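These protein sequence lines are chains R and A, in that order.
Each number in the working numbering comes from the position in the first sequence (counting from 1) with 2 added on.
Each number in the working numbering comes from the position in the second sequence (counting from 1) with 2 added on.
We put the beta carbon where it would ideally sit given N, CA and C, even for glycine.
It should be emphasised that the depicted structure is a prediction, and the values quoted were computed from it without experimental measurement.
Number of protein chains: 2
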Amino acid sequence: MTGPKSRRRGAPLEQAILDAAWDELREVGYARLTIEAVAARAGTSKPVIYRRWGGRAELVLAAWARKLPVEPETPDTGTLRGDLRTLFSRIARRADSMMNEMVAGVMGEAFRHPEVAALLGERLSNPSPLTGAVRSIVDRAVARAELPPVELPHRVLRLPLDLVRNESMTCGAPVSEETVGSLVDDVYVPLLHGLAAVQAAGGAAEGRGVAAGSGVGAGSGLGAGGGVREDVG
Amino acid sequence: MTGPKSRRRGAPLEQAILDAAWDELREVGYARLTIEAVAARAGTSKPVIYRRWGGRAELVLAAWARKLPVEPETPDTGTLRGDLRTLFSRIARRADSMMNEMVAGVMGEAFRHPEVAALLGERLSNPSPLTGAVRSIVDRAVARAELPPVELPHRVLRLPLDLVRNESMTCGAPVSEETVGSLVDDVYVPLLHGLAAVQAAGGAAEGRGVAAGSGVGAGSGLGAGGGVREDVG
DNA sequence: GCGATAAGAAACGCAAAGTATCTAAAGGGT
DNA sequence: ACCCTTTAGATACTTTGCGTTTCTTATCGC
Numbered sequence: 003m004t005g006p007k008s009r010r011r012g013a014p015l016e017q018a019i020l021d022a023a024w025d026e027l028r029e030v031g032y033a034r035l036t037i038e039a040v041a042a043r044a045g046t047s048k049p050v051i052y053r054r055w056g057g058r059a060e061l062v063l064a065a066w067a068r069k070l071p072v073e074p075e076t077p078d079t080g081t082l083r084g085d086l087r088t089l090f091s092r093i094a095r096r097a098d099s100m101m102n103e104m105v106a107g108v109m110g111e112a113f114r115h116p117e118v119a120a121l122l123g124e125r126l127s128n129p130s131p132l133t134g135a136v137r138s139i140v141d142r143a144v145a146r147a148e149l150p151p152v153e154l155p156h157r158v159l160r161l162p163l164d165l166v167r168n169e170s171m172t173c174g175a176p177v178s179e180e181t182v183g184s185l186v187d188d189v190y191v192p193l194l195h196g197l198a199a200v201q202a203a204g205g206a207a208e209g210r211g212v213a214a215g216s217g218v219g220a221g222s223g224l225g226a227g228g229g230v231r232e233d234v235g
Numbered sequence: 003m004t005g006p007k008s009r010r011r012g013a014p015l016e017q018a019i020l021d022a023a024w025d026e027l028r029e030v031g032y033a034r035l036t037i038e039a040v041a042a043r044a045g046t047s048k049p050v051i052y053r054r055w056g057g058r059a060e061l062v063l064a065a066w067a068r069k070l071p072v073e074p075e076t077p078d079t080g081t082l083r084g085d086l087r088t089l090f091s092r093i094a095r096r097a098d099s100m101m102n103e104m105v106a107g108v109m110g111e112a113f114r115h116p117e118v119a120a121l122l123g124e125r126l127s128n129p130s131p132l133t134g135a136v137r138s139i140v141d142r143a144v145a146r147a148e149l150p151p152v153e154l155p156h157r158v159l160r161l162p163l164d165l166v167r168n169e170s171m172t173c174g175a176p177v178s179e180e181t182v183g184s185l186v187d188d189v190y191v192p193l194l195h196g197l198a199a200v201q202a203a204g205g206a207a208e209g210r211g212v213a214a215g216s217g218v219g220a221g222s223g224l225g226a227g228g229g230v231r232e233d234v235g
């Protein structure tokens, strides 16, 4: 054996710490994850971790970043709605409670640490493999003439993930099949049809869709509302 | 004066504590809010607070619940798009960083305390005054023939708030006018048109819209994906 | 091998959580 | 007016984890 006094450095040590952090995250969650526990699990000590990362949030984000996005196999059920339900369900499974608890926790700290906010935002706004799946699903639906040709803005591409995450986080529980159905049937499918319609109508007026010249109160008028702002929900 | 030894009890004391909690929240935010500080500000002591609430999350939720939802004056700019932009902007202003930091923080704890999750979920899924505003805006657009008649499912009614909150929380910064524009133009307006179209077409097939009989992979098949579930974004 | 670098171990001060104990004030009932 | 139950308010305590400091010594580049 290497003996009781072998001492790792650099990359291998870093990997060990990140692995430990990830395992700890899976076992106790973000709220109960402590630097000390990660250090212990990695067989190292706190200062080694603090020398590399600024705190829990950064450590966890680094551990997360190592996990490569899983390319979801694009579902192919034969209908737009079926494909979307399958896709949304898969997202809902993967966005399990550990993941969401982590995101919620990191978010809480992101408000105080701009660099954490930046890392998190980057992580959440680039669901690259998912956007590909959405695109293929829609393309296939267009090919089947189930949907008029439509171009999907970035916002719409990332919407599935945003919807599911929002749902999962606000109810703090796994997203039910019923909810998935509602997201697909009440929101996403109609949205796709609407986008197609709007693009067919507005034709020339690219980019900013719909009634493109109409924005009356659009700029920064924003009306009254300057007062109380106590509540949102 | 009442003298240095006047002692509040019951409701008045409770109100004082909740006010203190709210003020503290506004000043230092959820992450840095401590029970001790709230007790000090309210001129009372920790045990008094712990006798009434289980911890930060419950205390803060109670303080929040006292703030009555502000009835937003329904904007009236003359166009659907203008009204929506104004409404979304107002939501974005009210969902300021304090609010979102609080929600994020409470969410973090909600995963460990089911009762907190319940309170939070209830609070977030009933944006009653907002749904009214959305309805009026849409009704007016329908009256102007800017939009075919359309019925809005609950999910669609709460979508504006969900979209803005999601945006605000994931980027940890105020939602820009540009983002608001994207939410309205790329998502919400097309969605409304799509809903109208779908309802006009599907006519009889109420409730669950679109291709109502098609759900192939809908049930619980959910395909592969059972393996890695490491990443979402 | 030598010297710079950095890991590992231990301990620190600090802050806040949550709990326990005690006192004395408030308020209700007679 | 009194007593008696309730509970506010004060204080102190244990625990936990943070983030830091110090010191020793293993590892690596030269």
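Problem set entry | Close beta carbons around R/Val191, own chain, < 8 Å, minus the five adjacent residues each side | For the purposes of this step, residue 191 of chain R is taken as residue 189 along the first sequence, with counting starting at 1. Correct list, in chain order: Leu82, Arg83 and Leu86.
Problem set entry | Neighbour-count burial assignment, R/Asp153, 16 or more Cβ in a 10 Å radius | By one-based count along the first sequence, residue 153 of chain R stands at place 151. A small correction: the amino acid at residue 153 of chain R is Glu; Asp does not occupy that position in the sequence shown. Exposed, because fewer than 16 other Cβ atoms sit within 10 Å of the Cβ of R/Glu153.
Exercise. So A/Tyr52 is in the alpha helix (DSSP H); what residue range does that whole segment cover?
Worked result: For this step, residue 52 of chain A is matched to residue 50 along the second sequence. Taken as a continuous stretch (DSSP letters only), the alpha helix (DSSP H) holding A/Tyr52 covers Lys48 to Arg54.
Exercise. Quick one: which chain A residues come within Cβ less than 8 Å of R/Ala199?
Worked result: Stepping through the first sequence from its first residue, residue 199 of chain R is reached at position 197. Going along chain A in sequence order, the residues near R/Ala199 (Cβ under 8 Å) are Pro192, His195, Gly196 and Ala199.
Exercise. Quick one: which chain A residues come within Cβ less than 9 Å of R/Ala13?
Worked result: Along the first sequence, read from residue 1 onward, the residue named residue 13 of chain R stands at position 11. Simply none; closest approach about 20 Å.
Problem set entry | Through-space distance from R/Pro162 to R/Pro77, alpha-carbon basis | Counted from its first residue, the first sequence places residue 77 of chain R at position 75. Counted from its first residue, the first sequence places residue 162 of chain R at position 160. Cα to Cα, R/Pro77 sits roughly 14 Å from R/Pro162.
Exercise. Is there a Cβ from chain R that is less than 9 Å from the Cβ of A/Pro176?
Worked result: Start at 1 with the first residue of the second sequence, and residue 176 of chain A comes out as number 174. No - not a single Cβ of chain R is within 9 Å of the one on A/Pro176.
Exercise. Under 9 Å between C-beta atoms, does R/Glu26 make it to chain A?
Worked result: Mapped onto the first sequence, residue 26 of chain R falls at position 24. R/Glu26 does not count as touching chain A.
Exercise. Can you tell me whether DSSP reads R/Val152 as helix, strand or coil?
Worked result: Position 150 of the first sequence, counted from the start, is the residue given in the question as residue 152 of chain R. DSSP places R/Val152 in coil when its eight states are reduced to three.
For this session: Can you pull the chain A residues whose beta carbon is under 8 Å from the beta carbon of R/Pro49, in chain order?
Result: For the purposes of this step, residue 49 of chain R is taken as the residue at position 47 of the first sequence. Here the premise fails: no neighbours, minimum Cβ distance about 24 Å.
Exercise. From A/Arg95 to A/Glu73, what does the alpha carbon distance come to, in whole angstroms?
Worked result: Taking the first residue of the second sequence as position 1, residue 95 of chain A is located at position 93. Taking the first residue of the second sequence as position 1, residue 73 of chain A is located at position 71. Cα-Cα distance, rounded: 14 Å.
Exercise. R/Arg11 to A/Thr88, Cα distance in whole Å?
Worked result: As a first step, residue 11 of chain R must be located in the first sequence, where it is residue number 9. As a first step, residue 88 of chain A must be located in the second sequence, where it is residue number 86. Straight-line Cα distance between these residues: approximately 55 Å.
Exercise. Taking Cβ positions, are A/Leu122 and R/Thr79 nearer each other than 9 Å?
Worked result: Taking the second sequence and counting its residues from 1, one reaches residue 122 of chain A at position 120. Taking the first sequence and counting its residues from 1, one reaches residue 79 of chain R at position 77. No, they are not a contact pair.
Problem set entry | Secondary structure, alpha helix (DSSP H): runs of 4+ residues fully inside the region 130 to 206 of chain R | 130 to 145, 156 to 173, 179 to 184 and 191 to 204
Exercise. What do you reckon, are the CB atoms on A/Arg167 and R/Asn168 nearer than 9 Å?
Worked result: Numbered from its first residue, the second sequence carries residue 167 of chain A at position 165. Numbered from its first residue, the first sequence carries residue 168 of chain R at position 166. A contact, by the Cβ cut-off of 9 Å.
Problem set entry | Minimum C-alpha distance to R/Val144 - residue among R/His195, R/Thr36 and R/Gln17 | Here residue 144 of chain R is taken as the residue at index 142 of the first sequence, counted from 1. For the residues R/His195, R/Thr36 and R/Gln17, the minimum Cα distance to R/Val144 belongs to R/His195.
Exercise. Which term fits R/Val189, buried or exposed, when burial requires 16 or more other beta carbons within 10 angstroms of its beta carbon?
Worked result: The residue given as residue 189 of chain R occupies position 187 in the first sequence. Classification of R/Val189: buried, given that the 10 Å Cβ count is 16 or more.
Exercise. Alpha carbon to alpha carbon, how far is R/Phe90 from A/Met100?
Worked result: Position 88 of the first sequence holds residue 90 of chain R. Position 98 of the second sequence holds residue 100 of chain A. Distance between the alpha carbons of R/Phe90 and A/Met100: 31 Å.
Exercise. Comparing the C-beta of A/Glu111 with each C-beta of chain R, is any distance below 9 Å?
Worked result: Mapped onto the second sequence, residue 111 of chain A falls at position 109. Chain R, which has a Cβ nearer than 9 Å to the Cβ of A/Glu111, makes this yes.
Exercise. Between A/Met109 and A/Val62, which are expected to be in contact by the criterion C-beta below 8 Å, what is the C-beta distance as a whole number of angstroms?
Worked result: By one-based count along the second sequence, residue 109 of chain A stands at place 107. By one-based count along the second sequence, residue 62 of chain A stands at place 60. About 12 Å separates the two Cβ atoms, so there is no contact after all.
For this session: In the DSSP assignment, find the unbroken alpha helix (DSSP H) run with R/Asn102 in it and report its ends.
Result: Position 100 of the first sequence, counting from 1, holds the residue named residue 102 of chain R. Per DSSP, R/Asn102 belongs to the alpha helix (DSSP H) from Ser99 to Ala112.
Exercise. Taking only beta-carbon atoms, is A/Ala22 less than 9 Å away from chain R?
Worked result: Within the second sequence, residue 22 of chain A is the residue found at index 20, counting from 1. Chain R contact via Cβ: absent.
Exercise. Would you call A/Ser8 buried or exposed, if buried means 16 or more other Cβ atoms sit within 10 Å of its Cβ?
Worked result: Taking the first residue of the second sequence as 1, we reach residue 8 of chain A at position 6. Its Cβ having fewer than 16 others within 10 Å, A/Ser8 is exposed.
For this session: Would you mind telling me which residues of chain R sit closer than 7 Å to A/Val189, beta carbon to beta carbon, in chain order?
Result: The count along the second sequence starts at 1 and reaches residue 189 of chain A at position 187. Those are Arg157, Val158, Leu161 and Leu193, listed as they occur along chain R.
Exercise. What is the rounded straight-line gap between the Cα of A/Gly227 and the Cα of A/Ala203?
Worked result: What you label residue 227 of chain A is simply residue 225 of the second sequence in a count that begins at 1. What you label residue 203 of chain A is simply residue 201 of the second sequence in a count that begins at 1. Model confidence at A/Gly227 stands at a pLDDT of 36, short of 50, so the residue's coordinates are unreliable and nothing is read from them.
For this session: Consider the Cβ of A/Tyr52: report whether some Cβ of chain R lies at a distance smaller than 9 Å.
Result: Taking the second sequence and counting its residues from 1, one reaches residue 52 of chain A at position 50. For A/Tyr52, the answer is no, since every Cβ of chain R falls outside 9 Å of its Cβ.
For this session: Please name the residue, chosen from A/Lys69, A/Leu126 and A/Ala39, that lies closest to A/Arg58 on a Cα-to-Cα basis.
Result: The sequence position of residue 58 of chain A within the second sequence is 56, counting from 1. Checking every option, the nearest Cα to that of A/Arg58 belongs to A/Ala39.
For this session: Report yes if the CB atom of R/Thr46 is closer than 9 Å to the CB atom of R/Leu15, and no otherwise.
Result: Here residue 46 of chain R is taken as the residue at index 44 of the first sequence, counted from 1. Here residue 15 of chain R is taken as the residue at index 13 of the first sequence, counted from 1. Yes, the pair counts as a contact, with Cβ atoms nearer than the cut-off.
For this session: Compare the C-alpha of R/Val200 against each of A/Ala119, A/Ala120 and A/Glu148 and name the closest.
Result: Numbered from its first residue, the first sequence carries residue 200 of chain R at position 198. The option with the nearest alpha carbon to R/Val200 is A/Glu148.
For this session: Rank R/Ala13, R/Ala175 and R/Ala23 by C-alpha distance to the C-alpha of A/Ala120 and give the top, closest one.
Result: To locate residue 120 of chain A, count along the second sequence from 1; it is residue 118. For the residues R/Ala13, R/Ala175 and R/Ala23, the minimum Cα distance to A/Ala120 belongs to R/Ala175.
Exercise. Which whole runs of the alpha helix (DSSP H) in the region 19 to 88 of chain A are 4 residues long or more, in chain order?
Worked result: 37 to 44, 48 to 54 and 58 to 68
Exercise. A/Leu159: which of A/Glu117, A/Ser178 and A/Ser130 sits nearest, CA to CA?
Worked result: Working through the second sequence from its first residue, we reach residue 159 of chain A at position 157. If we check each option's Cα against that of A/Leu159, A/Ser130 comes out closest.
For this session: Name, please, each residue of chain R whose Cβ falls closer than 9 Å to the Cβ of A/Gly123.
Result: Reading the second sequence from its first residue, position 121 is the one you call residue 123 of chain A. Here the neighbours are Thr172, Cys173, Gly174 and Ala175.
For this session: Would you check if the distance between the CB atom of A/Arg43 and the CB atom of A/Ala22 is smaller than 9 Å?
Result: As a working note, residue 43 of chain A is residue 41 in the second sequence. As a working note, residue 22 of chain A is residue 20 in the second sequence. Yes, they are a contact pair.
For this session: For A/Glu103, decide whether its Cβ has a neighbour in chain R, counting only Cβ atoms nearer than 9 Å.
Result: Within the second sequence, residue 103 of chain A is the residue found at index 101, counting from 1. Chain R, which has a Cβ nearer than 9 Å to the Cβ of A/Glu103, makes this yes.
For this session: If I'm right that R/Ala65 touches R/Trp24 with Cβ under 8 Å, what's the distance once you round it to whole angstroms?
Result: For the purposes of this step, residue 65 of chain R is taken as residue 63 along the first sequence, with counting starting at 1. For the purposes of this step, residue 24 of chain R is taken as residue 22 along the first sequence, with counting starting at 1. At roughly 4 Å, the Cβ-Cβ gap stays under 8 Å, so R/Ala65 and R/Trp24 are in contact.
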